[in-house]
Each structure stands twice: as C-alpha cells, then as structure tokens.
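Asker:
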Amino acid sequence: MSPDIVMEIWEALRPHISGGFQQAADDFVAVLIENGMNASEMADVAHDNYIIKSLAEYSDNHESFISNDLDDDDDYGFYDDNDDY
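Count along the sequence shown starting at 1, add 7, and that's the number in the numbering used here.
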C-alpha cells in the first residue's frame, strides 16, 4: 500500500473519531508499521500533526519528523494550505 493511500485513509477516518486523536494516530501508525509500512515514506507525505508525532517514535532521528511550527494546525491537526511545512 502506498503512503499516499495510507494518508488518504487517515484523512477519511479522521472526522469519525470522537476525540482521542493522538491515541488513534498512534494505533493507526503502529498497525501500519507492524504490517511493513516504512515510517520515513509515510513521513514524506504526512501533513497531519498527530500522524507526524506518532511516526517520530519509529525514527532514529525523530526530531526531523516534528515540525517547529506544529501549533500552526487547525483544530483537526491539519495544516492550513497557506502554511509552510
């Protein structure tokens, strides 16, 4: 499964999660990693703060996964289209 499709699945599921976004993202990423997805490939296409934070746990250099401007997301963890990543 491609990382782009994985992120589309997450974005489709996101509105149906009633709170607990970080735990949901942690579980989502854990299942993907356990089934052979590459954290670095997912991080290349991830724009969701919760997914980025979850992926950081699987990286040797986890600071590279976490943006300095994580506070620039909206209430759902997505960056505004006008934000620089």
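In this text, a Cβ means the ideal position worked out from N, Cα and C, and glycines have one as well.
Use the C-beta contact count for Asn42: other C-beta atoms within 10 angstroms, 16 or more gives buried, fewer gives exposed.
Answerer: Here residue 42 corresponds to residue number 35 of the sequence shown, with the count starting at 1. Asn42 should be labelled exposed.
Asker: Can you tell which of Phe35, Asn45, Leu62 and His23 has its C-alpha closest to the C-alpha of Ser10?
Answerer: The residue labelled residue 10 in the question sits at position 3 within the sequence shown. One point to set straight first is that residue 10 is Pro, not Ser, in the sequence displayed. The option with the nearest alpha carbon to Pro10 is Asn45.
Asker: Pop quiz: Val36 and Ile58 are said to be a contact at Cβ under 8 Å. What is the actual Cβ separation, rounded to whole angstroms?
Answerer: Counting from one through the sequence shown, the residue named residue 36 turns up at place 29. Counting from one through the sequence shown, the residue named residue 58 turns up at place 51. Right, their Cβ atoms sit about 6 Å apart.
Asker: What are the boundary residues of the alpha helix (DSSP H) that Glu15 is part of?
Answerer: Against the sequence shown, residue 15 aligns to sequence position 8. Glu15 -> alpha helix (DSSP H) spans Pro10 to Leu20.
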